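What follows is one structure encoded as structure tokens, with my remarks underneath.
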Amino acid sequence: MTAQPVPPCALCLKQLPLQQSHVIPEFMYQPLYDANHRARVLTNDAAQGTRPKYLQKGLRVPLLCFDCEQHINDTCEKPMKAMWVDHQPYADPMIQEHQWVLPAQPDAFRRFHLSVLFRAAAARTLDSAWKNVFAENHLPDMRTALLGTNPISPRRFPIACWGIVDQKLELIPGLVVPPVDRRVLGVNAFYFIYGGFGWLYWCGSHFDEQIATVMMQPDGKIPIGRTHFAEVGHLCEVAFEHLRRVGKASTNKGMATP
Ligand SMILES: [Zn+2]
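Residue numbers for the sequence shown follow the numbering used here, beginning at 84 and rising by one.
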């Protein structure tokens, strides 16, 4: 019996021992561990009423070498944890229907989200949770952006975001939904839910000007709306409704910057 060839590191492509890597980092899961250290993961079916699935210790896959794991940790995860989890830049509960949020380090914010999209796309064949993140053609661009030090263009992998809230309009961090792929405003996109927010990552070779009104802006500000948990079962519709509201609000002077 011959040994299976070991795949290279997904980021540097070198043949090196692989770490057990998170796609969505642990600090985005931690608020949702219950007393038995299980994270609650909802699938589309679960959100529509069947039993939610539970996941031990988050999802890990053999993906990155030690150095790349460290690189992602230093350039993406540590800044994101500091600017988003340790020092929240957004209001919770989300009393206002929309808020504009400026992350303390917009370049690192973009880099973090690209790293999640990259890891999910690279892990597509390793775990069924990421099976919908088919972005093979964009992996080389993602690798270059993540390995380099230049800021990532806001128009290359645009990001949109909204809070998932309960009846009190408080964010629900305890929700992880395996991503789905959709065409949104004419461009392929992947819709993730984790850390209390829905995240839409566009991943296309062209850019639609409509996206410019709803995405994280070139100056780093991001328009954040809110969606009730009960609506999450219809992932695509939720995304479209959010974008419709934000798009409308963006062209309306009523969407004030806090
Ligand atoms: Zn590597």
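Note that the Cβ used here is the ideal one computed from N, Cα and C, for glycine as well.
Just so we're clear, the structure is a prediction, and the values are computed from it rather than from any experiment.
Take the alpha-carbon of I307 and the one of H196: they are about 15 Å apart. Counting along the chain, the unbroken beta strand (DSSP E) around H311 starts and ends at 305-311. For D210, the shortest separation between its Cβ and any heavy atom of ligand 1 does not lie below 7 Å.
Taking one beta carbon from each stretch, the region 212-227 and the region 175-183 have fewer than 3 pairs nearer than 8 Å; the two do not touch. Here R265 carries a strand assignment [DSSP, helix/strand/coil].
Between the alpha carbons of T208 and E253 lies a gap of roughly 35 Å.
Looking at the backbone, the Cα of M298 and that of Q87 are separated by about 42 Å.
Assigned with DSSP and collapsed to three states, N233 falls in coil, not helix or strand. By alpha-carbon distance to L96, the top candidate from L142, F149, P108 is F149. A check of alpha carbon separations from I178 across M111, E160, G246 identifies G246 as the nearest.
Closest in C-alpha terms to Q98, from the list M111, C151, H105, comes C151. Pairing I276 with V259 gives a Cβ-Cβ distance under 8 Å.
In this structure, the straight-line span from the alpha carbon of P234 to that of R194 is close to 8 Å.
Inclusion of L99 in the 7 Å shell around ligand 1 follows from its C-beta lying nearer than that to a non-hydrogen atom of the ligand. Annotation: Q188 to L200 spans about 19 Å, alpha carbon to alpha carbon.
For L147, the enclosing beta strand (DSSP E) begins and ends at 143-148. Around the Cβ of P91, a 10 Å sphere holds fewer than 16 other Cβ atoms; the residue is exposed. In the DSSP annotation of this structure, the continuous segment of the alpha helix (DSSP H) that includes H196 starts and ends at 189-205. According to the DSSP assignment, A174 belongs to no alpha helix (DSSP H), since it is labelled neither H nor E.
Sequence-distant partners of K304 (beyond 5 residues in either direction) whose C-beta falls short of 6 Å from its own C-beta, in its chain, are W183, L185. Here G287 has V270, N271 as same chain residues with Cβ atoms under 7 Å from its own Cβ, once five neighbours each way along the sequence are excluded.
Beta-bridge pairing by DSSP links V270 to V267.
In this structure, L283 lies near Y274, with their beta-carbon atoms less than 8 Å apart. Cβ contact annotation for C244 (same chain, cutoff 6 Å, sequence separation greater than five): F280, W282, I305, I307, in chain order. DSSP lists I307 as the beta-bridge partner residues of Q182. The three-state secondary structure of F110, taken from DSSP, is helix.
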